[in-house]
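Student:
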Amino acid sequence: MKNDIPKTNAMRILEKLGIPYTTVTYSWSEDHLDAVHASQTAGLDPGTVFKTIVMRDTEKNIFVFCVPAAFSVNPKKARQLTGSHELTLVKLDELQRVTGYIRGGCSPIGMKKQFPTFIEEVALVQEKIYVSAGVRGVQLGLSPQDLQRATSGHFADLSL
1 MKNDIPKTNA MRILEKLGIP YTTVTYSWSE DHLDAVHASQ TAGLDPGTVF
51 KTIVMRDTEK NIFVFCVPAA FSVNPKKARQ LTGSHELTLV KLDELQRVTG
101 YIRGGCSPIG MKKQFPTFIE EVALVQEKIY VSAGVRGVQL GLSPQDLQRA
151 TSGHFADLSL
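Shown next as C-alpha cells:
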C-alpha cells in the first residue's frame, strides 16, 4: 500500500532512520480536517491518533505538541515544559511557512526545522500510534518510541 501513496518528507525521514511504519488512508474534506474525524474515517481508535499542535512563545520560538485526537494541550503545562510565559497557536495562514505543512496534514516529523517537540505521555501505553504523514488523508503508524526518535521529542504530561 505504501507504493500507492506519494512519498512524503515524513516517510523519507523515517526510512532514512530505518524506522518501520505503516500507512492508513482516509477520505477528508475541508469541513472535516480534525483528528477525531480522521480517526473515525480511517477506522482507528481516537486514542491512538495524535494531532500536531504548533505554538509560538513571545520570543517567536516554535514548539510542537502531539496529543491524542480528542485531547487538548493544557496551556499551563505547556508553558512549564517550554519555560515560556505565554504560548499562542501558530496562525493557520503561517502554518505552512513555519512547518512546511498545511492544516489537516501537519506531521510532527520532517518540519522545515527541528522544533522542540513534546508527545503526550499517554502514547506510551500504545503499541502503535498514528500521526499525519504530512498530507491530508494519510496517517503514519509507528511506535511511540520511534516517533520520539524521529522528532527528538520528549514524553510529558501535557494535556487537559
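So the sequence shown is numbered by full-length UniProt numbering: it starts at 1 and just counts up by one.
Don't be surprised by glycine CBs; every beta carbon is placed ideally from N, CA and C.
State the Cα-Cα distance for the pair Phe118 and Met111, rounded to the nearest angstrom.
Tutor: Cα-Cα distance, rounded: 14 angstroms.
Student: Can you find the residues in the same chain that come closer than 6 angstroms, C-beta to C-beta, to Asp57, ignoring five residues on each side of it along the sequence?
Tutor: Correct list, in chain order: Ser84 and Leu87.
Student: Counting only the same chain and skipping the five closest in sequence on each side, list residues whose C-beta sits under 6 angstroms from that of Val90.
Tutor: Closer than 6 angstroms at the Cβ level, and outside the excluded window around Val90, lie Val54, Arg56 and Val98.
Student: DSSP puts Met55 in a beta bridge; with which residues?
Tutor: Looking at the DSSP assignment, Met55 forms a beta bridge with Phe63 and Leu89.
Student: Use the C-beta contact count for Glu120: other C-beta atoms within 10 angstroms, 16 or more gives buried, fewer gives exposed.
Tutor: Buried, because 16 or more other Cβ atoms sit within 10 Å of the Cβ of Glu120.
Student: Measure from the alpha carbon of Leu147 to the alpha carbon of each residue in Asn61, Ser107 and Asp157, then state which is nearest.
Tutor: It is Ser107 whose Cα lies nearest to the Cα of Leu147.
Student: Run the CB neighbour count on Gln139, radius 10 Å, all protein chains shown included, and call it buried at 16 or more, exposed below.
Tutor: Flag for Gln139 reads buried.
Student: Determine the closest residue to Gly18 out of Pro75, Asp4, Val73 and Leu142, with distance taken between C-alpha atoms.
Tutor: Of the listed residues, the one whose Cα sits closest to Gly18 is Leu142.
Student: Express the C-alpha separation of Cys66 and Ser72 in angstroms, rounding to a whole number.
Tutor: Going by the C-alpha atoms only, they are around 10 angstroms apart.
Student: Tell me which residue opens and which closes the alpha helix (DSSP H) that Gln126 is part of.
Tutor: Element bounds for Gln126: n/a, residue is neither H nor E.
Student: Starting from the Cα of Gln145, find the closest Cα among Asp157, Ala123 and Pro46 and give me that residue.
Tutor: For the residues Asp157, Ala123 and Pro46, the minimum Cα distance to Gln145 belongs to Ala123.
Student: So, are the CB atoms of Lys128 and Thr48 less than 8 angstroms apart?
Tutor: Going by C-beta atoms, Lys128 is nearer than 8 angstroms to Thr48.
Student: Quick check on DSSP: helix, strand or coil for Ala156?
Tutor: If DSSP states are grouped into helix, strand and coil, Ala156 belongs with the strands.
Student: Could you give the first and the last residue of the continuous alpha helix (DSSP H) run that contains Gln114?
Tutor: First-last for Gln114: undefined, no H or E at that position.
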